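Convert by adding 143 to the 1-based position in the sequence shown; the result is the number in the working numbering. Idealized CB from N, CA, C, for every residue including glycine. Predicted model, so just to flag it, every value in this text is computed and none were measured. Notes for the one structure printed next.
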Amino acid sequence: MKNVLALLLFFCGHSLLAQNKETVYTLQNDEQIAVYESALGVYQSRLGFAVVIENTKKNTRKYCVNKTIYETFNRKSIEHPIITNEHWGIVDTRADSNLVIFDGYRVAKYPNTKRTFDLRITKRLYGYIVYDEPSAEYNVIVNGFTYGPYVNLLNYYLSPDGTNWAVSYYENVGTHYNYYVRFNDKKLLGYPNP
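Structural data, given as structure tokens:
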């Protein structure tokens, strides 16, 4: 039994030594791996990895995604990057612009009065919300197409296979609220149907 255990430990140790170690990025002065809401800023999938690196003195951050650095972002609230087995994305602020980066390409840029958040990615869809501060309205962006505006947006949904999506919202009608779900095929679920 001891021989079997020793042999097993030998092979486990050998397999650990056989792994390649590579330096992807070296933290500079005042930089650290971001930690927020009890989560370390490291994300991984079969596609690769994403690491959020923050500069504590400058209050900025950068993202290292599969050995490529995307910098410098300065939004006060951090939204973690999304990385799936097929795609990845970031929503953040750089200087006076809100950016959406999907698979390494900047797919959208908005002025500071339009805040981007709640990025979601499935097999064939990516979506996020844009809040327009002057008008107090929300738009949902799915694969680059804008849906809305919604004054009272509740949520939006992307199907796991990327074939369907929906938006839920409500309308204030005098003394009560009407709740609705609008699907990508323009069907509307809710009562009363407007």
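Out of the options, state which residue places its alpha-carbon closest to the alpha-carbon of residue i.
{"i": "Val167", "options": "Phe192, Gly291, Leu183, Val273", "result": "Phe192"}
{"i": "Val324", "options": "Val316, Thr318, Leu296, Asn315", "result": "Leu296"}
{"i": "Arg249", "options": "His223, Gly232, Asn327, Ala238", "result": "Gly232"}
{"i": "Gly291", "options": "Tyr334, Ser302, Tyr271", "result": "Tyr271"}
{"i": "Asp328", "options": "Asn315, Tyr312, Trp308", "result": "Trp308"}
{"i": "Asn298", "options": "Phe288, Tyr313, Ser188", "result": "Tyr313"}
{"i": "Ser311", "options": "Thr211, Lys201, Ala238, Asn282", "result": "Asn282"}
{"i": "Tyr338", "options": "Tyr179, Asp235, Ala251, Lys219", "result": "Limits of the chain in this structure are 144 at one end and 337 at the other, which puts residue 338 out of reach."}
{"i": "Thr203", "options": "Asn172, Thr306, His230", "result": "Asn172"}
{"i": "Tyr186", "options": "Asn209, Glu276, Asp304, Lys200", "result": "Asn209"}
{"i": "Thr199", "options": "Lys252, Lys219, Tyr300", "result": "Lys219"}
Is the shortest distance between the beta-carbon of residue i and the beta-carbons of chain B less than 7 Å?
{"i": "Leu332", "result": "Judged by its chain identifiers, the structure shown contains no chain B, having just a single protein chain."}
Around the C-beta of residue i, are 16 or more other C-beta atoms found within 10 angstroms, so that it is buried, or is it exposed?
{"i": "Phe245", "result": "buried"}
{"i": "Leu170", "result": "exposed"}
{"i": "Thr265", "result": "buried"}
{"i": "Leu150", "result": "With a pLDDT of only 41 at Leu150, under 50, the local geometry of the prediction cannot be trusted, and the value read off the model is given with reservation. With fewer than 16 other Cβ atoms within 10 Å, it is exposed."}
{"i": "Leu332", "result": "exposed"}
{"i": "Leu183", "result": "exposed"}
{"i": "Ser243", "result": "Per the sequence presented here, residue 243 reads as Val, with Ser not at that position. Val243 should be labelled buried."}
{"i": "Glu214", "result": "exposed"}
{"i": "Val147", "result": "Because the pLDDT of Val147 is 44, which lies under 50, any placement of that residue in the model is unreliable, and the number read from its coordinates should be weighed accordingly. Flag for Val147 reads exposed."}
{"i": "Phe326", "result": "exposed"}
{"i": "His157", "result": "Unreliable positioning characterises His157 in this predicted model, as indicated by a pLDDT of 44, which lies under 50. The coordinate reading is nonetheless provided below. That one is exposed."}
Assuming residue i and residue j are in contact, meaning their beta carbons sit under 8 Å apart, how far apart are those beta carbons, in whole angstroms?
{"i": "Glu229", "j": "Ile196", "result": "That pair is no contact at about 24 Å."}
{"i": "Thr256", "j": "Asp275", "result": "7 Å"}
Report task. Could you pull out every unbroken alpha helix (DSSP H) segment of at least 4 residues lying fully inside the segment 161 to 212, listed in chain order? Result -> none
Query - Runs of alpha helix (DSSP H) wholly within the segment 220 to 277 (minimum 4 residues, chain order) - result: none
**Report entry** the segment 222 to 229 / the segment 252 to 267 touching (three or more Cβ pairs under 8 Å)
**Finding:** The segment 222 to 229 and the segment 252 to 267 touch, with no fewer than 3 CB-CB distances between them shorter than 8 Å.
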